[in-house]
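A short worksheet on the structure shown next.
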Amino acid sequence: MPSTRSPRTHAAAASICAAALRQNFLALQHAAQMPLLAVIKADAYGHGAALCAPELVAAGAGWLGVTSVQEGVTVREALRGTPADILVMCGLWHGEAAACIDHALTSVVWEPYHLTLLQCEATRRGLPAGSIPVHVEVDTGMARQGVAPGAALTHLLTCLQAAPALRLDGVMTHLASTECTADPQNARQMERFAQALQQVQQAGLRPAWIHAGNTSSTDSGYMPNALPALAATLGAQPMTRTGLALYGYALPLDGTAPRVEPNLQPVLTWTTCIVSLRDVPAGSTVGYNAAFVAPGPMRLALLPVGYADGFRRALSSSNHQAGGAVLIDGRRAPVVGRVSMDLTVVDVSDVPSVAIGDEVVLMGSQGSECIGADEHARLANTSMYEVLCGISDRVPRVLS
Ligand SMILES: *Cc1c(COP(=O)(O)O)cnc(C)c1O
C-alpha cells in the first residue's frame, strides 16, 4: 500500500525475508495436500502485500486473498502480468465493479446487490455469458459474511442464475474455532457447508473450487481430512486458505491434536537503531508520569520508535511491572518506563560497549535471542494478528 505518511527512514524498517515466505508457503502447501490460497489481506498482515504477492506466486500460489477491491488492484499491479487469481474476500461495494472487472479480481459474493453490481457493469460493457467468476460465501456459523443455507441460499443462487455474465467459480465458508480441534463447532459448520453444497448441486451449478479453512485447520490436519470428500461430491477441486502461518506464526492448538505443521520461520524482522545514550544516577525518573525510577545507576538508550509505529504501549514497564524488551548485541534490553508515541527508552546497562547507531531488533532474532509477535501479543493481551497488522505505515517494508 502506498504510505501517506513520511517514514523516518533512518530510524526503522521491517525487513521481509523472501526465502522464509516462500519456504513457509511450500511447507504449508505440502501439509495441506491441496491447493493453498495465500491470504495477503491487511497488507499481508503488515508485511506489505505488494512485496509478498510476487514471492508467493513465484513459490507456486495460484490464488491470493485480499480484503478489498482497492487492495486487489494494488496486488494485481504488483504482479506485473504474472498470472494469479485474486479473491476479494470481503465482497464489493458500489462503484467498485469496474475496477473488479478491469483487474480480473474474483469477488466473494453473498448479498444479491453484489451480483447486481457486477452484472450491470458487465451489461454496460457487453461482456459475454459466464465471463465474470464469483465465489459464494456460505455462513455456516460466523454470522458475519455469507449467505445462510436454506431459503437465503436458494434465493441467491436464483439471482446468480438470472445474471448471465456471472459464473459460479467457487463456494466457500469460514470456520470460527479451528484452533480448538475438539470443539463441535467445526463439525457443525462443516455439516452446514455440506448442506449448502447439496443445494448448489441441486441448482445444477458446478463450481470449480470448494474452499474453507485457515492456519489452524491446516496445522491440525483437520482441513486435509474434511474437505476433499466434500469437494468431490460436486466434482470440484478442494482448496484451503492460509494467512498467519505464511508469515511464520501459528496459534497454539488445544492439547488433543498433534501439530502437522512444519517448521515455520518468521518472515518479518523489525529493526531500528540507537539514536541517543545517557547515563543516569539512582533515583532518576524515566518517561511520562515518571512510571520508572532508576534503582541504581543505569545506561539508557533512546530508540526512535513508539506506539505510532505499532510498537505497542503495552510494552511499557514500571518498577512494579516488567514490560517488553528489544535485542541489542544479541542480548535482551528491557523497555524502561512508558513507551511514547515516537520514542522508547531501553536499559542497556548490561550491554557492553554500546554505541549510537547500534542496530536494535524490535521484533525478530539477533544472535541466539528472538522476540516474536507472540511475545508482543502476550504483553499487549491481544493476538499476533493484531500486533503484526498494527505495525504502522510509516515503517518502511524492505524485501531481503
Ligand atoms: C483471514 C482469513 C483467513 C486466514 O486465516 P489465518 O488464521 O490467518 O490463516 C482465511 N479465510 C478467510 C475468509 C479469512 O478472512
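In the numbering used here, the protein residues as written are 278 to 677.
Beta carbons: idealized from backbone N, C-alpha and C, even for Gly.
Please read all numbers here as calculations on a predicted model, not as lab measurements.
Could you tell me whether the Cβ atoms of residue i and residue j are closer together than 8 Å?
i: C550; j: G634; result: yes
i: I317; j: A326; result: yes
i: I363; j: V544; result: no
i: L474; j: T510; result: yes
i: H653; j: V638; result: no
i: P491; j: G520; result: In the sequence under discussion, the amino acid at residue 491 is Asn, which differs from the Pro named in the question. In this structure, G520 lies closer than 8 Å to N491 by Cβ.
i: G323; j: I668; result: yes
i: G560; j: G614; result: no
i: V570; j: N596; result: yes
i: W547; j: A291; result: yes
i: V350; j: A375; result: no
i: A591; j: L656; result: yes
i: L369; j: W340; result: no
i: R609; j: E636; result: no
i: D586; j: V672; result: yes
i: S345; j: C367; result: yes
i: F470; j: L430; result: no
Apart from the five residues on each side of it in sequence, which residues of its chain come closer than 7 Å, Cβ to Cβ, to residue i?
i: L443; result: L392, L395, Q396, I409, V411, L437
i: T359; result: P331, V334
i: P505; result: M311, P515
i: P501; result: A309, Q310, M311
i: G644; result: G607
i: H371; result: L394
i: R483; result: L511, G512
i: S553; result: L579, I633
i: N463; result: L452, S454, T455, Y499
i: L445; result: V411, V413, L437, L482, P484
i: S280; result: For S280, the pLDDT reaches just 46, beneath the cut-off of 50, and the residue's location in the model is therefore unreliable, although a value from the coordinates is still provided. Contacts found: D670, R671.
i: F588; result: V582, V616, T621, L639
What does the alpha-carbon distance come out to for the pair residue i and residue j?
i: A399; j: L356; result: 25 Å
i: S593; j: A335; result: 40 Å
i: P572; j: S617; result: 21 Å
i: L433; j: P426; result: 10 Å
i: R299; j: G525; result: 11 Å
i: S642; j: G649; result: 8 Å
i: V477; j: A527; result: 33 Å
i: Q472; j: W486; result: 16 Å
i: D531; j: G407; result: 44 Å
i: D320; j: Q347; result: 11 Å
i: T562; j: D651; result: 30 Å
i: L452; j: R401; result: 37 Å
i: S493; j: A503; result: 14 Å
i: S677; j: N301; result: 15 Å
i: A380; j: R353; result: With the sequence shown as reference, residue 380 is identified as His, and Ala is not the correct amino acid for it. So the alpha carbons of these two residues sit roughly 7 Å apart.
i: T659; j: A361; result: 33 Å
i: L382; j: P405; result: 17 Å
i: S295; j: L523; result: Checking the sequence shown, residue 295 turns out to be Ala, not Ser. Straight-line Cα distance between these residues: approximately 11 Å.
i: H488; j: V623; result: 46 Å
i: C666; j: V365; result: 18 Å
i: I605; j: T495; result: 35 Å
i: A428; j: Q479; result: 13 Å
i: Y390; j: T435; result: 13 Å
i: A602; j: P629; result: 17 Å
i: G403; j: R465; result: 43 Å
Once the 5 residues before and after residue i are set aside, which same chain residues still bring their CB inside 6 Å of it?
i: A263; result: An answer regarding residue 263 cannot be provided, because it is not within the stretch 278 to 677 covered by the chain.
i: Y662; result: none
i: E414; result: V385, W387, Q422, G423, M449
i: R576; result: D556, V625, S626
i: A288; result: T549, P581
i: M419; result: H451, A453
i: V631; result: V625
i: E373; result: V346
Bridge partners for residue i per DSSP, in chain order?
i: F302; result: DSSP output for F302 lists no bridge partner at all.
i: F569; result: V563
i: G634; result: Answer by DSSP bridge pairing: none, since G634 is not bridged.
i: W486; result: G447, Q514
i: A330; result: Note: A330 sits in no beta bridge, so no partner.
i: D624; result: L577
i: P611; result: A602
i: H412; result: V385, G447
i: E646; result: Q643
i: W340; result: L314, D362
i: V350; result: DSSP output for V350 lists no bridge partner at all.
i: V672; result: Partner(s): none; V672 has no beta bridge.
i: V424; result: V415
For residue i, I'd like the list of residues in its chain whose CB is within less than 8 Å of its CB, leaving aside the five on either flank, ordered along the chain.
i: L620; result: L579, L580, P581, V582, G583
i: A297; result: G525, Q542, P543, V544
i: A599; result: P611
Distance cutoff 8 Å, beta carbons only. Does residue i sit that close to anything in chain C?
i: S384; result: Structure shown: chain C not included; a single protein chain is present.
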